[in-house]
Each structure stands twice: as structure tokens, then as C-alpha cells.
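Below is one structure, written out as C-alpha cells; the observations come after it.
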DNA sequence: CCGCTCATGTAACTGGTTACATGATTTA
DNA sequence: TAAATCATGTAACCAGTTACATGAGCGG
């Protein structure tokens with residue numbers, strides 16, 4: 011899946027967030043990951059703290075201790091080396107997995123719908139459609155907010171989320187027609 | 011992400027493949043996973059052999075040793091208990107991650123395009139578009155083949171792959187317009 | 001003063017990857 | 001007969017999850 015020594019997806023994304031938001035705390039990065047529309051980015055403490063310290067050990071980010079009152083903060087910023095590695099993470103060359111079809115648990119389940127009776131199939135499709143519709147609404151809203159902001163690429167990303175959810179919904183409509 | 015004790019995505023998918031293809035060898039399952047349009051399913055030996063033995067230890071699949079000449083085969087079939095757990099894996103209730111927006115490394119990269127110069131951005135988009143177009147062709151072809159076969163849900167899955175790739179391509183076209 | 005959010009961490013576990021190794025059978 | 005494919009496995013490693021634990025600051 012990934013070239014040895016290269017940044018993982020989560021490392022690249024975290025480095026990117028520190029690039030965008032830095033100087034910032036790991037906590038702030040975690041909150042952004044948690045708020046991501048994709049459940050892939052859980053942003054759990056046990057993942058992100060060791061990860062950022064790993065990045066710091068490699069010299070890609072730099073910690074700066076700070077205090078507000080008695081409260082300790084560690085703010086991280088990206089280094090020159092970090093920015094270089096971050097740019098290399100994008101490619102080219104593009105790793106195969108970047109353009110490959112993303113995994114979709116819904117698609118996997120439809121693949122095996124033959125194991126279920128018709129009513130269960132229908133129920134799953136109905137529930138999934140409802141979720142997707144609300145996801146689309148959320149993505150739409152976030153997209154318009156982001157367009158008003160000064161980060162056009164954030165807006166484009168959210169537009170991608172919206173289009174993806176719409177495509178899945180359209181596909182489910184096709185699936186529904188062929189349930190029997 | 012997942013309820014404790016429940017089957018993981020890979021376990022569910024593997025169990026499903028044994029349900030569809032069984033009795034069959036682990037090797038056969040691996041080959042299907044490797045040939046999947048999504049790079050998520052690597053199907054490496056180090057993953058699948060221990061996984062299927064785990065399923066066997068839980069009584070979800072049953073091994074049957076067989077010989078053709080001196081060559082040893084272990085054919086697996088799904089058990090009644092396996093079929094029950096497999097059906098439970100689908101839901102309802104649908105786990106959140108099933109309908110959540112799938113992770114898309116391309117989307118993540120576009121999010122941080124601000125870190126790149128215009129020519130690199132353009133190059134990435136061009137390369138990605140080319141890959142997606144060939145993926146669409148492949149998916150289209152597989153889809154028509156599957157429609158001729160007797161597994162309609164396999165065809166629906168492949169149709170999903172096609173629509174997903176098309177949506178990503180359409181999105182990239184939107185991104186291209188806003189590269190500067 | 002209670003509960004929530006901010007903020008930092010640790011420890012045990014587990015699922016999956018990479019990279020091996022072995023040998024039979026088929027096909028060019 | 002050489003190369004590719006079928007078929008089974010193992011061992012070291014690592015990234016990420018879950019579930020803890022601690023304490024400061026702030027709003028009601």
C-alpha cells in the first residue's frame with residue numbers, strides 16, 4: 011500500500027493540519043480530526059499524541075512549551091524539513107492507493123445482499139438513504155460556510171464530500187429498484 | 011468505530027466470500043480480495059490465513075482437508091452459526107461507519123493543495139483524472155460481465171464502483187477550475 | 001461548587017503488513 | 001525443464017484503538 015519511510019495518511023493529514031493551523035496544540039488537531047465528515051479519522055488521544063511526538067522526533071514539527079496561568083500547552087509548528095516531506099507526501103508520483111476506489115462498507119454489504127431476505131435488504135437501504143441525506147445536508151452547509159471563509163481548498167474538499175454522498179445515494183436508488 | 015465482538019469489515023467480507031464461493035480454499039479467497047477494485051483489500055497471506063483460522067476457531071467456518079494427488083487443500087464452508095453472525099454483521103442496526111463518508115486520500119490531498127504550487131497541483135489532478143478514467147473503463151467492463159452472470163448483487167456492487175469513480179472524476183473537474 | 005471543556009498523557013491489545021519459506025502442479 | 005501458479009504457512013513489526021488517569025480553567 012505505501013512506500014517504506016513515507017508518511018502514512020494520518021501522518022500526512024496531521025502534518026497538514028499543523029501546517030494550516032500551527033502553532034497549535036495536539037488537542038486542537040484532535041478536535042478537527044474528530045469533526046471530520048469521514049469516520050476514518052477518529053482522532054483518539056492514543057493515536058494522535060504518539061503520532062505527533064513521532065513527527066517531532068523526525069524533526070518535521072517543532073514543539074514549543076507555553077503557559078497560560080498554570081496550564082501547560084505545547085504548541086507545534088511545521089519545520090522546513092516538515093514542509094518538504096509534506097510536499098513529497100502528495101506526490102507525484104501518486105501512490106496507487108491515492109486514486110484507487112475507496113473502501114465502502116455499504117458497497118461491500120450490497121455485494122452479499124443475497125444472504126438476506128427482501129425485507130432486511132429494504133430496511134438497510136432505507137436507513138442508509140436517510141443517513142446519506144442528512145450527511146448531504148451537513149456537507150452542503152459546511153461547504154457554503156467554507157466558501158465564505160478564506161480557504162478555498164477546504165471548500166473544495168467539502169464539495170467533494172457532498173458529491174460523494176450524492177453519488178452513493180443515487181447508487182442506492184438504483185440498488186433499490188433491483189432488490190428482488 | 012466498531013462494536014466489540016462484532017466482525018470486522020475484513021472478517022465480514024471474507025465470511026461473505028466463503029458463503030458465496032464455498033467450499034473453497036483460503037488461497038481462492040485471497041485471489042478474489044487481491045482482484046478487488048478497492049486497494050483496501052490487499053488479501054495478503056499474512057492477513058487472510060490467520061483470519062480464516064480465527065473464524066474457524068469461533069466456529070463460523072468449517073475446514074475440510076482434501077488431497078488432489080499429493081497436494082493438500084483445506085476447503086472451508088460457512089456454518090449455521092457463521093451464517094447467523096454474517097447476517098448480524100449487515101445490521102440493522104447499521105453501524106455509523108457503514109454509511110459514513112468513506113476516506114478518500116485524493117480529497118485529503120486537495121484539502122491541503124495550498125501547500126503546493128500551481129503546476130504541481132495541476133499535475134496531480136491530471137494524473138488522477140487519467141487513473142480514474144481507466145478505473146471507470148475497467149469497472150464498466152466488469153459490470154457488464156457480471157450482469158451476464160447469475161449474481162445480480164455482484165453487478166450492483168460493480169455499478170457502485172463505476173458511479174463512485176465517475177463522481178470523483180466530476181469532482182476533479184470542478185477542482186481543476188478553481189486551482190488558482 | 002458542579003460539571004463541562006481544555007489539555008496531556010499511558011498501557012494493553014489487536015488487526016494488518018511485509019517479508020520470508022516451502023513444496024506441488026500446471027503450462028509454455 | 002524452467003517459469004508461473006497453486007497452496008500453505010510463520011515471524012517480526014507497527015499503527016491505531018480502547019480504556020484508562022490526571023489536572024487546570026470556566027460557566028452556570
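Protein chains in written order, with this note's numbering: chain A, 11 to 190; chain B, 11 to 190. Here a beta-carbon is modelled for each residue, glycine too, at the ideal position from N, C-alpha and C. Here the structure is a predicted model, which means the values were calculated and not measured.
Just to confirm before moving on: does the CB-CB distance between residue 96 of chain A and residue 26 of chain A stay below 8 Å?
yes
Taking only the alpha-carbon atoms, compute the straight-line gap between residue 31 of chain A and residue 61 of chain B and give it to the nearest angstrom.
Taking the straight line from one Cα to the other gives about 41 Å.
Going along chain A, which residues have a C-beta under 8 Å from residue 164 of chain B?
Per Cβ cutoff of 8 Å: 121.
Segments assigned beta strand (DSSP E), at least 3 residues, entirely inside the region 81-141 of chain A:
81-88
Is there a Cβ from chain A that is less than 8 Å from the Cβ of residue 114 of chain B?
yes
Range covered by the beta strand (DSSP E) that runs through residue 49 of chain B
Looking at the DSSP string, residue 49 of chain B is not in any beta strand (DSSP E), and its letter there is neither H nor E.
How would you write the range of the alpha helix (DSSP H) that residue 60 of chain A sits in, first residue to last?
55-67 is the span of the alpha helix (DSSP H), which, as asked, contains residue 60 of chain A.
What number of angstroms, rounded off, separates the C-alpha of residue 167 of chain B from the C-alpha of residue 121 of chain A?
Cα to Cα, residue 167 of chain B sits roughly 5 Å from residue 121 of chain A.
Rounded to a whole number of angstroms, what is the C-alpha to C-alpha distance between residue 35 of chain B and residue 163 of chain A?
47 Å
Of the listed residues B/153, B/78, B/186, B/183, nearest to residue 171 of chain B (C-alpha basis)
B/153
Interface residues of chain B facing residue 97 of chain A [CB-CB closer than 7 Å]
125, 126
Taking the beta carbon of residue 114 of chain B as the centre, do at least 16 other beta carbons fall within 10 Å, making it buried, or is it exposed?
It counts as buried.
Do you know how far the Cα of residue 185 of chain A is from the Cα of residue 52 of chain A?
30 Å
Can you give me the Cβ contacts of residue 132 of chain B inside the same chain, cut-off strictly under 8 Å, excluding the 5 residues immediately before and after it?
186, 189
Closer than 9 Å at the beta carbon, the chain B residues around residue 47 of chain A
110, 111
Tell me which residues of the region 133-160 of chain A have at least one Cβ-Cβ distance to chain B shorter than 7 Å, keeping chain order.
133, 134, 137, 138, 141, 142, 145
Among B/116, B/149, B/151, which residue has its Cα nearest to the Cα of residue 8 of chain B?
The structure shown does not extend to residue 8 of chain B, since chain B spans only 11 to 190, so no value can be given for it.
Range of the contiguous alpha helix (DSSP H) that encloses residue 176 of chain B:
Its alpha helix (DSSP H) spans residues 162-187.
Mind checking who residue 76 of chain B pairs with in its DSSP beta bridge?
Residue 76 of chain B is bridged to B/83.
Can you list, in chain order, the residues of its chain whose CB lies under 7 Å from that of residue 123 of chain B, leaving out five sequence neighbours each side?
131
Any residues in the region 19-34 of chain A with a beta carbon nearer than 8 Å to a beta carbon of chain B? Which ones, in chain order?
19, 22, 23, 26, 29, 30
Taking the C-alpha atoms as reference points, what is the distance between residue 134 of chain A and residue 67 of chain A?
46 Å
Measure the alpha-carbon distance for residue 93 of chain B versus residue 99 of chain B and round it to whole angstroms.
10 Å
I believe residue 6 of chain A touches residue 169 of chain B by the beta-carbon criterion, under 8 Å. Please report the beta-carbon distance rounded to the nearest angstrom.
There is simply no residue 6 of chain A to check, as chain A begins at 11 and stops at 190 in what is shown.
Would residue 49 of chain B pass as a contact of residue 106 of chain A if the rule is Cβ separation under 8 Å?
Contact flag set, yes.
Who are the neighbours of residue 92 of chain A on chain B, taking C-beta pairs under 7 Å?
The premise fails here: residue 92 of chain A is roughly 11 Å from chain B at the closest Cβ pair, so nothing lies under 7 Å.
Sorted by chain position, which residues of the same chain lie with C-beta nearer than 8 Å to residue 41 of chain B's C-beta, five sequence neighbours on each side aside?
53, listed in sequence order.
Hey, does residue 59 of chain B have any beta-carbon neighbour from chain A nearer than 8 Å?
no
Can you tell me the Cα-Cα spacing of residue 139 of chain A and residue 179 of chain A, whole angstroms?
6 Å
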